[in-house]
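Q:
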Amino acid sequence: SGDSAPLNEAMAVLQHHDAVSGTSRQHVADDYARQLAAGWGPCEVLLSNALARLSGSKEEFVFCRCLNISVCPLSQTAEIFQVTIYNPLGRKVDWMVRLPVSKHIFLVKDPNGIVVPSDVVTMPSSDRQELLFSASVPALGFSIYSVTQVPGQSPQAHTSKPRSQKSS
Amino acid sequence: SRILTIQNEYIRARFDPETGLLVELENLDQNLLLPVRQAFYWYNASTGNNLSDQVSGAYIFRPNRQEPLLVSRWAQIHLVKKALVQEVHQNFSAWCSQVVRLYPGQRHLELEWTVGPIPVGDGWGKEIISRFDTELETKGLFFTDSNGREILERRRNYRPTWVLNMTEPVAGNYYPVNSRIYITDGKVQLTVLTDRSQGGSSLKDGSVELMVHRRLLRDDRRGVGEPLLENGSGLWVRGRHLVLLDKAQTAAVRHRLQAEKELLAPQVVLAQGSSTPYHPG
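Read top to bottom, the protein sequences are chains P and Z. Sequential numbering of the first sequence, starting at 8, is according to the working numbering. Sequential numbering of the second sequence, starting at 5, is according to the working numbering.
1) Grab the span of the beta strand (DSSP E) containing P:Asn56 for me, first residue to last.
2) Determine which residues of the segment 255-280 of chain Z have a Cβ less than 8 Å from any Cβ of chain P, and write them out in chain order.
3) Kindly list the residues whose CB is nearer than 8 Å to the CB of Z:Leu106, restricted to its own chain and excluding five residues on each side of it in sequence; keep chain order.
4) Per the contact definition of three or more C-beta pairs closer than 8 Å, is the segment 262-282 of chain Z in contact with the segment 81-99 of chain P?
5) Is Z:His217 helix, strand or coil by DSSP?
6) Going by beta carbon distance, what residues of the same chain come within less than 6 Å of P:Gln172, once the five residues before and after it are set aside?
7) Would the beta-carbon of Z:Glu213 fall within 7 Å of that of Z:Arg135?
8) Helix or strand or just coil, what does DSSP make of P:His111?
9) Spatial neighbours of Z:Ser201 within its chain, please: C-beta separation below 7 Å, excluding the five flanking residues on both sides.
10) If I'm right that P:Leu81 touches P:Val69 with Cβ under 8 Å, what's the distance once you round it to whole angstroms?
11) Over the uninterrupted beta strand (DSSP E) stretch that includes Z:Lys86, give me the two end residues.
12) Alpha carbon to alpha carbon, how far is Z:Lys191 from Z:Arg41? Give it in angstroms, no decimals.
13) Could you please tell me which residues of the segment 59-74 of chain P, in chain order, have their CB closer than 8 Å to any CB of chain Z?
14) Which residues of chain P have a Cβ atom closer than 8 Å to the Cβ of Z:Val89, listed in chain order?
15) With a 10 Å radius around its C-beta and 16 neighbouring C-beta atoms as the bar for buried, classify Z:Arg226 as buried or exposed.
16) Note down, in chain order, every chain Z residue with its Cβ under 9 Å from the Cβ of P:Tyr93.
17) So with Cβ pairs under 7 Å, would you call P:Val78 a contact of chain Z?
18) Taking only the alpha-carbon atoms, compute the straight-line gap between Z:Gly176 and Z:Met170 and give it to the nearest angstrom.
19) Report yes if the C-beta distance between Z:Tyr186 and P:Ala59 is below 7 Å; otherwise report no.
20) Could you tell me the boundaries of the beta strand (DSSP E) in which Z:Lys130 lies?
21) Name the DSSP bridge partner or partners of Z:Lys251?
22) For the beta strand (DSSP E) holding P:Asp126, just list the boundary residues, first then last.
23) Just checking: is the beta-carbon of Z:Arg6 within a distance shorter than 7 Å of some beta-carbon in chain P?
24) Hey, how far is the Cα of Z:Ala275 from the Cα of P:Arg105?
25) From Z:Arg242 to P:Glu16, what distance separates their C-alpha atoms?
26) Per DSSP, what kind of secondary structure is Z:Asp149 in: helix, strand or coil?
27) Any idea which residues DSSP pairs Z:Leu274 with across the strands?
28) Would P:Lys99 pass as a contact of P:Ala142 if the rule is Cβ separation under 7 Å?
29) Using a 10 Å radius around the Cβ and a threshold of 16 neighbouring Cβ atoms, would you call Z:Asp149 buried or exposed?
30) Pick helix, strand or coil for Z:Arg200, following the three-state DSSP scheme.
31) Specify, as a first and last residue, the run of the alpha helix (DSSP H) that P:Pro13 falls within.
32) Please tell me whether Z:Ala43 has its Cβ less than 7 Å away from any Cβ of chain P.
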């Protein structure tokens with residue numbers, strides 16, 4: 008069963024000015040981060056249970072916490088996976104989803120099974136690539152998109168050379 | 005081509021093809037064009053001087069001179085133009101890069117910066133800022149929020165509740181920015197939304213700066229007992245600034261709605277897709 012109390016507790020502890028403004032010793036700052044991470048774990052279980060109940064199907068839900076550095080083992084290896092986007096705002100939002108993926112072409116379908124436009128962008132400073140698609144998510148609700156790797160196809164290799172500037 | 009731009013239905017951003025830096029922002033919808041120069045700078049952290057032996061540290065921001073130094077006056081760039089995104093990847097140095105991004109339908113310019121590890125081999129602590137310079141005549145005023153709820157008017161070298169004797173012309177004009185900072189000349193407003201709390205200011209008319217990272221070598225003797233000197237994953241920071249250009253009278257609705265979307269951003273949860281029914285039968 009999930010539990011949000013540990014995260015509540017961690018957030019309560021982190022109201023201390025040292026946590027808010029970073030005026031603590033390193034090991035204290037590290038411990039603040041540890042408390043938050045420890046609190047987030049049971050919350051993931053809570054979120055998974057809520058999503059399973061609301062969507063009507065039990066899943067092995069996976070939370071990728073390092074999307075901001077394009078790391079997500081599931082989306083980078085799976086040939087088919089689903090993406091649930093939860094919108095906490097009290098109004099519908101359109102949100103560009105970016106997920107690190109392997110070098111393939113993907114088909115993205117919306118909750119009604121209709122294919123939506125998607126794109127694969129290669130990160131110039133690395134050979135990683137990201138799948139982009141725009142998700143429409145209801146107010147205080149969620150949408151489930153499915154992503155399927157198109158067998159046998161890989162994105163056209165575009166070699167964009169860096170535009171070196173004259174050094175000034 | 006000589007013209008380097010990215011755009012969508014609402015926004016066009018132009019870059020100097022010589023330097024790779026952002027030089028102009030255009031709101032196509034409201035027919036606004038504003039020369040905006042954005043670059044990264046660093047303040048040299050004070051280690052005390054003849055006026056005061058106070059050093060820059062976890063509690064105290066105190067640069068050792070008023071003018072910050074440019075991280076780099078040019079960037080190596082990559083241009084990515086696809087149906088769902090247009091991006092300019094800017095590489096300023098080994099420890100400072102940025103992606104300037106526009107998605108279809110987006111009414112703000114997204115600047116995703118990555119800074120670190122800040123080099124301190126020269127023995128100098130450094131405080132890194134992202135600064136936007138425009139021609140807006142802002143008359144010493146700028147605006148910062150308080151916890152995303154209330155906007156406070158700030159006036160350079162001034163306090164509303166006492167006669168200020170300004171002894172720190174930079175740090176004395178820095179204020180907490182929880183979600184946004186903006187400047188306006190009464191007709192046009194330039195707003196920068198943050199994805200976390202940062203220090204910010206407007207030290208010259210038409211200019212806005214936000215501090216994105218610090219790496220210091222001395223303790224500021226205010227109780228921590230060690231310098232602000234991360235040694236692990238805190239060496240790197242990656243974050244985003246959302247830049248909005250609007251008419252002054254319509255700017256509020258734009259930045260308020262966008263800031264809410266930023267603060268309460270959607271959560272993405274993945275699953276392999278081999279589901280079993282939750283409810284029996």
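The beta-carbon is built from N, C-alpha and C at its ideal position, and this holds for glycine as well. Note that the structure is predicted; figures quoted are calculated from it, not measured.
A: Looking at the coordinates:
1) In the first sequence, residue 56 of chain P corresponds to position 49, counting from 1. P:Asn56 -> not in any beta strand (DSSP E); alpha helix (DSSP H) instead, spanning 33-62.
2) Closer than 8 Å at the C-beta level to chain P, one finds these residues of the segment 255-280 of chain Z: Glu264, Lys265, Leu268, Ala269, Pro270, Gln271, Val272, Val273, Leu274, Ala275, Gln276, Gly277, Ser278, Ser279, Thr280.
3) To locate residue 106 of chain Z, count along the second sequence from 1; it is residue 102. Residues Ile10, Gln11, Asn12, Ile15, Ala17, Val89, Gln90, Glu91, Leu113, Glu114 of the same chain have their beta carbon placed closer than 8 Å to that of Z:Leu106, with the five preceding and five following residues left out of the count.
4) Counting C-beta pairs closer than 8 Å gives three or more between the segment 81-99 of chain P and the segment 262-282 of chain Z, which meets the contact rule.
5) As a first step, residue 217 of chain Z is located in the second sequence; it is residue number 213 there, counting from the start. If DSSP states are grouped into helix, strand and coil, Z:His217 belongs with the strands.
6) The residue you call residue 172 of chain P lines up with position 165 of the first sequence. Its pLDDT being 45, under 50, P:Gln172 is placed unreliably by the model, and nothing is read from it.
7) Locating residue 213 of chain Z in the second sequence gives position 209, where the first residue counts as 1. Locating residue 135 of chain Z in the second sequence gives position 131, where the first residue counts as 1. Yes; because the gap between Cβ atoms is below 7 Å, this pair is in contact.
8) For the purposes of this step, residue 111 of chain P is taken as residue 104 along the first sequence, with counting starting at 1. Reduced to three states, the DSSP call for P:His111 is coil.
9) Position 197 of the second sequence, counting from 1, holds the residue named residue 201 of chain Z. Taken in chain order, the residues that qualify are Pro180, Val181, Asn182.
10) On the first sequence, residue 81 of chain P is found 74 positions in, with the first residue counted as 1. On the first sequence, residue 69 of chain P is found 62 positions in, with the first residue counted as 1. Your pair P:Leu81 and P:Val69 checks out as a contact, with CB atoms roughly 5 Å apart and the cut at 8 Å.
11) The sequence position of residue 86 of chain Z within the second sequence is 82, counting from 1. According to the DSSP assignment, Z:Lys86 belongs to the beta strand (DSSP E) that extends over 80-86.
12) Within the second sequence, numbered from 1, the residue matching residue 41 of chain Z stands at position 37. Within the second sequence, numbered from 1, the residue matching residue 191 of chain Z stands at position 187. Roughly 19 Å separates the two Cα atoms.
13) Residues of the segment 59-74 of chain P whose Cβ lies closer than 8 Å to any Cβ of chain Z, in chain order: Ala59, Arg60, Ser62, Gly63, Ser64, Lys65, Glu66, Glu67, Phe68, Val69, Phe70, Cys71, Leu74.
14) Locating residue 89 of chain Z in the second sequence gives position 85, where the first residue counts as 1. What Z:Val89 touches in chain P: Met103, Asp126, Val128, Leu139.
15) Taking the second sequence and counting its residues from 1, the one referred to as residue 226 of chain Z is at position 222. By the neighbour-count rule (16 or more Cβ atoms within 10 Å), Z:Arg226 is not buried but exposed.
16) Position 86 of the first sequence holds residue 93 of chain P. Those within 9 Å of P:Tyr93 in chain Z are Pro270, Gln271, Val272, Val273.
17) One-based indexing of the first sequence puts residue 78 of chain P at position 71. Not an interface residue.
18) Indexing the second sequence from 1 puts residue 176 of chain Z at position 172. Indexing the second sequence from 1 puts residue 170 of chain Z at position 166. Between the C-alpha atoms of Z:Gly176 and Z:Met170 there is a straight-line separation of about 7 Å.
19) As a working mapping, residue 186 of chain Z is identified with position 182 in the second sequence. As a working mapping, residue 59 of chain P is identified with position 52 in the first sequence. Contact: no.
20) Start at 1 with the first residue of the second sequence, and residue 130 of chain Z comes out as number 126. That run of the beta strand (DSSP E) goes 130-137.
21) Translated into the one-based positions of the second sequence, residue 251 of chain Z becomes position 247. In DSSP, Z:Lys251 forms a bridge with Z:Val192.
22) Stepping through the first sequence from its first residue, residue 126 of chain P is reached at position 119. P:Asp126 -> beta strand (DSSP E) spans 125-129.
23) By 1-based counting over the second sequence, the position of residue 6 of chain Z is 2. Contact of Z:Arg6 with chain P is not assigned, every C-beta pair being separated by 7 Å or more.
24) Numbered from 1 along the second sequence, position 271 holds the residue referred to as residue 275 of chain Z. Numbered from 1 along the first sequence, position 98 holds the residue referred to as residue 105 of chain P. Whole-angstrom Cα-Cα distance: 16 Å.
25) Looking up residue 242 of chain Z in the second sequence gives position 238. Looking up residue 16 of chain P in the first sequence gives position 9. Straight-line Cα distance between these residues: approximately 27 Å.
26) One-based indexing of the second sequence puts residue 149 of chain Z at position 145. Z:Asp149: strand per DSSP, three-state reduction.
27) Here residue 274 of chain Z refers to the residue found at position 270 of the second sequence. Z:Leu274 pairs with P:Val69, P:Val90.
28) Reading the first sequence from its first residue, position 92 is the one you call residue 99 of chain P. Reading the first sequence from its first residue, position 135 is the one you call residue 142 of chain P. The answer is no: Cβ separation not under 7 Å.
29) Mapped onto the second sequence, residue 149 of chain Z falls at position 145. Result: buried.
30) Taking the second sequence and counting its residues from 1, the one referred to as residue 200 of chain Z is at position 196. In the three-state DSSP reduction, Z:Arg200 falls in the coil class, being neither helix nor strand.
31) On the first sequence, position 6 is the one that residue 13 of chain P refers to. Bounds of the alpha helix (DSSP H) holding P:Pro13 are 12-20.
32) What you label residue 43 of chain Z is simply residue 39 of the second sequence in a count that begins at 1. False, the Cβ-Cβ gap to chain P never drops below 7 Å.
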